[in-house]
Amino acid sequence: MICKPTHPIVVLGAGGQLGQEICKNLQSRALPFTRLALDITNRFTVLRQLRDLPASAVINAAAYTQVDFAEVDPDICYSVNAQAIYHLVEACRLLKCPLVQLSTDFVFGGDRTRQSPYSEDDLPKPLSVYGRSKLAGEQIAATWPAHFIIRTCGLYGGLSANAEAPSFAKTMLELAENHLSLRVVADQRCTPSYVPHIAQAILKLIQTEAYGTYHITNAGSTTWYEFASTIFQRQGLGVSVIPISSADWGAAAARPHYSVLSCSKYASVCGAPLPSWELALKEYLDYRNSI
């Protein structure tokens with residue numbers, strides 16, 4: 001059930017930054033569906049639109065990502081991130097093709113003493129409704145043997161509706177235009193990841209039949225405070241970055257204090273790890289400065 005390099009691939013969530021980048025890489029092989037074109041929470045619609053397509057894989061980049069709002073309205077979060085995956089599994093059984101389910105580092109975080117990268121074999125302990133919904137989606141996707149579950153983190157640098165998609169990096173650069181100082185959380189360590197790198201890595205992985213769960217991020221780790229400081233330094237912006245705690249920030253949903261993912265499994269299957277977050281950030285800023 002290998003995903004052949006010349007065969008079409010269904011991309012759900014094709015209007016989001018990762019979905020759009022995957023479609024860009026696939027070019028004419030992409031069978032894109034935006035949220036408006038296909039409501040993945042509707043079983044009848046999913047089966048009607050997907051069951052007869054000549055697809056060699058279904059990539060689900062659609063997700064509900066309003067992490068804080070999910071705490072007050074969990075039903076919509078679970079309907080998109082978990083219950084809809086039953087319909088995609090059913091469609092993939094009919095198509096006899098792999099399901100590629102995108103997930104998140106937010107399935108971890110419950111181990112508050114953690115200081116070493118999580119492997120795919122570590123027990124997830126999500127802290128938020130969003131994290132629990134994505135974990136539930138993983139578990140449903142795994143009921144179809146031909147699955148790739150891909151956890152990533154802190155995406156930035158992709159497009160959405162042909163403009164740069166919202167991200168932490170974009171927000172920092174926009175805020176720097178009108179602020180001399182910014183307060184940024186300093187007690188959450190993770191790996192912000194550059195969308196073009198993640199999209200290429202996903203497409204490389206799914207050409208194998210090495211089904212299972214994978215972590216795919218840029219290499220290394222940082223905090224949001226360090227990441228913001230590096231952005232401003234490299235752009236030559238005189239913005240003072242003030243470190244604050246997650247408690248000071250006061251978000252509705254708890255975030256992991258440490259959610260760095262070990263990507264050694266991906267590297268062993270595909271031959272090499274992704275570039276470091278520092279090199280990825282340089283590539284992003286160089287591209288942004290060139291347009």
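Under full-length UniProt numbering, the residue at position 102 of the sequence shown is numbered 102, and the numbers go up by one with no gaps.
For every residue, glycine included, the Cβ atom is placed at its ideal position computed from N, Cα and C.
No experiment lies behind these values; they were computed from the predicted model shown.
Distance from the CA of valine 58 to the CA of isoleucine 40, rounded to the nearest whole angstrom, comes to 12 Å. If you ignore the 5 residues before and after leucine 31, its C-beta comes within less than 7 Å of the C-beta of Pro8, Ile9, Val10, Val11, Leu53 and Ala55, all in its own chain and listed in chain order. In this structure, DSSP gives glutamate 209 a state outside helix and strand, which the three-state scheme calls coil. Taking alanine 267 as reference, the option from Ile216, Glu226 and Ile149 with the minimal CA-CA separation is Ile216.
Looking at the backbone, the Cα of glutamine 200 and that of leucine 127 are separated by about 30 Å.
Here the alpha carbon of arginine 151 sits roughly 22 Å from the alpha carbon of aspartate 75.
Under the 10 Å beta carbon count, lysine 96 is surrounded by fewer than 16 other beta carbons and is classified as exposed. The three-state reading of DSSP puts arginine 29 in helix, counting H, G and I together. Pairing serine 160 with glutamine 17 gives a Cβ-Cβ distance under 7 Å. In the three-state scheme derived from DSSP, where H, G and I count as helix and E and B as strand, serine 221 is classed as coil. Per DSSP, isoleucine 140 lies in no beta strand (DSSP E) segment; the continuous alpha helix (DSSP H) that holds it begins and ends at 129 to 141. Residue pairing by DSSP puts histidine 147 in a beta bridge opposite Leu99. Sixteen is the threshold: since fewer than 16 other Cβ atoms of the shown chains lie within 10 Å of the Cβ of serine 116, the residue is exposed. In this structure, Glu226 is the residue among Val46, Glu226 and Ala82 with its C-alpha nearest to the C-alpha of tryptophan 277. If you draw a straight line from the Cα of isoleucine 244 to the Cα of phenylalanine 148, it is about 37 Å long. For proline 243, the enclosing beta strand (DSSP E) stretches over residues 240 to 244.
DSSP places valine 269 inside the alpha helix (DSSP H), whose first and last residues are 264 to 270. By the CB criterion at 7 Å, serine 246 and valine 185 fall inside the cutoff. For serine 181, the enclosing beta strand (DSSP E) begins and ends at 181 to 185. Collapsing the DSSP output to three states places histidine 215 in a strand. Comparing alpha carbon positions, the residue from Lys282, Arg35 and Asn25 closest to proline 196 is Asn25.
Burial of glutamate 21 is indicated by the presence of at least 16 other C-beta atoms within 10 angstroms of its C-beta. Within the same chain, and ignoring the five residues on either side of arginine 189 in sequence, the residues whose Cβ sits closer than 8 Å to its Cβ are Ser221, Thr222, Thr223, His257, Tyr258, Ser259 and Val260. Asparagine 60 is bridged by DSSP to Leu12 and Gln101. Non-local beta-carbon contacts of methionine 172 in its own chain, meaning distances under 6 Å to residues more than five positions away in sequence, involve Ala228 and Ile231 in chain order.
With at least 16 other beta carbons inside 10 angstroms of its own, serine 167 counts as buried. Serine 133 counts as buried, since at least 16 other C-beta atoms from the protein chains shown sit within 10 angstroms of its C-beta. Leucine 38 and glutamine 233 have their C-alpha atoms some 42 Å from each other. In terms of CA proximity to alanine 61, Val100 leads the group Val100, Ala70, Ser290 and Gly109. Cβ contact annotation for alanine 141 (same chain, cutoff 7 Å, sequence separation greater than five): Ile85, Val89, Leu99, Gln101, His147 and Ile149, in chain order.
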